[in-house]
Amino acid sequence: MGLLLGPNVNVLGFTPPTLLLFLLCLLLVALSSSAGPPSSAASSPGGICSSAVVSHGYKCQEFDVVTPDGYILKLIRIPEGLALEGSGSAGDARQPVLIQHGVLVDGLSWLLNSPELNLPFILADNGFDVWISNTRGTRFSRRHTSLDPAYQEYWDWSWDELVSHDLPAMFDFVHAQTGSKVDYVGHSLGTLTALVSLSEGGLGDKIRSAALLSPIAYLSHMTTALGLVAARSFLGEITTLFGLAEFDPKGEPVGRFIRVLCAFPGVVCYDLLSAITGQNCCLNTSTTDSFIKNGPQSTSTKNMVHLSQTVRDGVLRMYDYGIPAANVLHYGDFYPPAYNLSNIPWELPMFLSYGAQDALSDVRDVEQLLSKLRFHDPDRLVVQRVEDYGHADFIMAVNAKDVVYNSVVSFFKNQW
Ligand SMILES: *[C@@H]1O[C@H](CO)[C@@H](O)[C@H](O)[C@H]1NC(C)=O
Ligand SMILES: *[C@@H]1O[C@H](CO)[C@@H](O)[C@H](O)[C@H]1NC(C)=O
Numbered sequence: 002m003g004l005l006l007g008p009n010v011n012v013l014g015f016t017p018p019t020l021l022l023f024l025l026c027l028l029l030v031a032l033s034s035s036a037g038p039p040s041s042a043a044s045s046p047g048g049i050c051s052s053a054v055v056s057h058g059y060k061c062q063e064f065d066v067v068t069p070d071g072y073i074l075k076l077i078r079i080p081e082g083l084a085l086e087g088s089g090s091a092g093d094a095r096q097p098v099l100i101q102h103g104v105l106v107d108g109l110s111w112l113l114n115s116p117e118l119n120l121p122f123i124l125a126d127n128g129f130d131v132w133i134s135n136t137r138g139t140r141f142s143r144r145h146t147s148l149d150p151a152y153q154e155y156w157d158w159s160w161d162e163l164v165s166h167d168l169p170a171m172f173d174f175v176h177a178q179t180g181s182k183v184d185y186v187g188h189s190l191g192t193l194t195a196l197v198s199l200s201e202g203g204l205g206d207k208i209r210s211a212a213l214l215s216p217i218a219y220l221s222h223m224t225t226a227l228g229l230v231a232a233r234s235f236l237g238e239i240t241t242l243f244g245l246a247e248f249d250p251k252g253e254p255v256g257r258f259i260r261v262l263c264a265f266p267g268v269v270c271y272d273l274l275s276a277i278t279g280q281n282c283c284l285n286t287s288t289t290d291s292f293i294k295n296g297p298q299s300t301s302t303k304n305m306v307h308l309s310q311t312v313r314d315g316v317l318r319m320y321d322y323g324i325p326a327a328n329v330l331h332y333g334d335f336y337p338p339a340y341n342l343s344n345i346p347w348e349l350p351m352f353l354s355y356g357a358q359d360a361l362s363d364v365r366d367v368e369q370l371l372s373k374l375r376f377h378d379p380d381r382l383v384v385q386r387v388e389d390y391g392h393a394d395f396i397m398a399v400n401a402k403d404v405v406y407n408s409v410v411s412f413f414k415n416q417w
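Using our numbering, you'd call the opening residue of the sequence shown number 2 and step up by one each time.
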């Protein structure tokens with residue numbers, strides 16, 4: 002799609018700000034969905050197994066995982082690779098690995114390249130038992146034991162609940178099914194939730210090691226005019242616009258909101274994917290097309306507001322209700338409790354890979370994260386910097402296998 006692959010245009014000549022991930026993704030969809038049949042591919046029937054796994058010859062299973070607050074999440078399992086038997090010791094249990102996507106996408110985003118380039122297949126072919134999660138509110142994880150996504154109550158959560166409920170529930174499930182500690186791969190918001198969950202002790206001893214791609218924890222390097230406009234609008238108007246509700250990138254209210262934002266003087270919403278993610282070096286046109294067709298996925302407005310608070314405040318705190326009395330009601334304090342990443346177990350093996358062109362996982366923010374990890378056992382912290390990678394390269398680049406995934410595989414294998 003020419004829209005995506007046009008010359009890179011930086012907003013006001015600065016690195017595009019962090020928050021644009023969320024905002025511009027939406028415009029992207031608003032534009033692309035107005036061109037095609039209404040949300041066709043996005044709502045096409047069949048789960049991830051039938052649409053993207055079995056057709057490539059892999060075994061695939063689907064599980065429902067129920068969180069303590071009643072959300073029913075779809076977990077996909079690719080239990081083994083295509084490699085001939087005998088490449089691993091037969092009968093040995095395979096090491097499970099859980100793969101977690103970021104915000105406004107779902108588990109399918111890991112499976113859009115040609116098969117030999119996709120991380121889940123690469124891990125399966127290397128002897129891993131692969132599990133792919135789908136966050137609450139995305140297309141395959143929209144069920145609940147009692148709430149209906151058509152109603153506000155369903156959307157009353159932010160990344161706090163992904164930290165305290167979704168991630169631990171998925172670790173518990175995979176651990177119970179396999180009897181093994183679980184390796185983890187997260188991208189983008191999937192790194193934030195893991196880091197915070199680890200610091201809160203939420204994953205207990207069920208995690209063996211973590212590979213974090215495009216890590217985001219601190220999001221404060223957003224100093225451009227558009228970023229500030231966006232953060233203000235998000236925090237102020239969006240709550241009034243949408244209330245406590247579904248944040249559906251494919252919906253018209255969100256599209257309208259974005260168009261208004263892009264009409265601000267000096268704000269250029271042109272080369273959207275680059276503006277959102279930084280300049281991605283190595284995306285294949287047909288893969289980005291599938292990415293667009295696949296359609297960004299819903300999250301809660303409350304989650305978007307919480308992310309905006311993280312951008313604005315530069316600290317990791319629980320959701321801020323904005324009114325001291327409301328915070329007192331929820332937390333017993335005027336301010337939401339802070340998270341402390343220095344509490345991540347110092348001996349947990351971690352692999353961090355970040356792109357120097359990544360507008361979302363800004364290099365300075367990654368450095369702040371690393372400073373929080375300064376007491377981490379240096380032998381158990383591998384940091385990789387990829388000079389030409391933007392945010393989306395980590396899930397879709399044609400060379401991600403050579404540049405990143407092979408290192409992830411050897412990092413995990415080193416723990417054996
Ligand atoms: C892009 O992806 C398509 C479909 O997977 C593939 O046929 C094509 O060869 C790829 N192009 C490049 C340059 O990798
Ligand atoms: C965060 O945790 C570290 C290590 O446990 C501790 O030394 C530090 O004081 C904590 N910081 C805050 C702000 O609580």
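Backbone N, C-alpha and C define an ideal beta-carbon position, used for all residues, glycine too.
Short check: CB of residue i to CB of residue j, under 8 Å?
i	j	result
glycine 48	histidine 102	no
arginine 78	glutamine 62	yes
isoleucine 345	leucine 199	yes
serine 134	isoleucine 396	no
phenylalanine 352	threonine 300	no
threonine 288	leucine 113	yes
leucine 120	valine 186	yes
tryptophan 156	alanine 211	no
tyrosine 59	phenylalanine 141	no
leucine 370	histidine 392	no
tryptophan 160	asparagine 341	no
serine 329	alanine 170	Per the sequence presented here, residue 329 reads as valine, with serine not at that position. Not closer than 8 Å, so no.
tyrosine 355	serine 215	yes
leucine 220	threonine 194	no
phenylalanine 172	leucine 204	yes
aspartate 167	leucine 308	no
phenylalanine 413	valine 98	yes
aspartate 359	tyrosine 390	yes
proline 337	arginine 313	no
alanine 357	cysteine 282	no
arginine 257	glutamine 416	no
Quick one: what's residue i bridged to in DSSP?
i	result
valine 66	Leu74
proline 97	Asp130
valine 183	Ile208
methionine 351	Ala211, Leu382
isoleucine 324	Its beta-bridge partners do not exist; DSSP assigns none.
phenylalanine 248	Thr300
alanine 339	Arg318
histidine 145	Tyr72
glycine 356	Val387
histidine 188	Leu214
isoleucine 79	Val131
Is any heavy atom in ligand 2 found nearer than 7 Å to the beta carbon of residue i?
i	result
serine 418	In this structure the chain extends from 2 to 417, so residue 418 is not present and cannot be described.
serine 343	yes
Closest by CA to residue i, which one among the options?
i	options	result
histidine 57	Gly82, Leu76, Gly71, Asp65	Gly82
tryptophan 347	Lys251, Leu193, Trp156, Pro379	Pro379
aspartate 184	Leu330, Gly128, Asp321, Leu163	Gly128
isoleucine 217	Asp363, Asp70, Phe413	Asp363
valine 55	Ile73, Pro80, Lys75, Thr68	Pro80
alanine 94	Phe376, Tyr320, Met171, Ala125	Ala125
arginine 143	His307, Leu76, Gly180	Leu76
asparagine 295	Ile324, Pro250, Asp314, Met319	Pro250
valine 384	Gly108, Val405, Tyr152	Val405
valine 197	Gly71, Gln358, Arg260, Leu374	Leu374
glycine 202	Pro150, Thr179, Arg313, Leu349	Leu349
leucine 382	Ser372, Glu388, Ser147	Ser372
leucine 148	Ile208, Ala84, Tyr72	Tyr72
glycine 315	Ala339, Ser343, Asp403	Ala339
valine 306	Gly252, Asp321, Lys207, Val255	Asp321
threonine 146	Thr139, Asp70, Trp132, Asp130	Asp70
glutamate 117	Thr302, Asn400, Val409, Phe412	Asn400
threonine 68	Gly138, Ala53, Ile100, Gly333	Gly138
serine 115	Lys402, Asn415, Asn407	Lys402
histidine 176	Lys207, Trp158, Ser165	Lys207
Problem - Distance cut 5 Å, beta-carbon to ligand 1 heavy atom: residue list by chain order - result: Ser115, Asn285, Ser287, Val399
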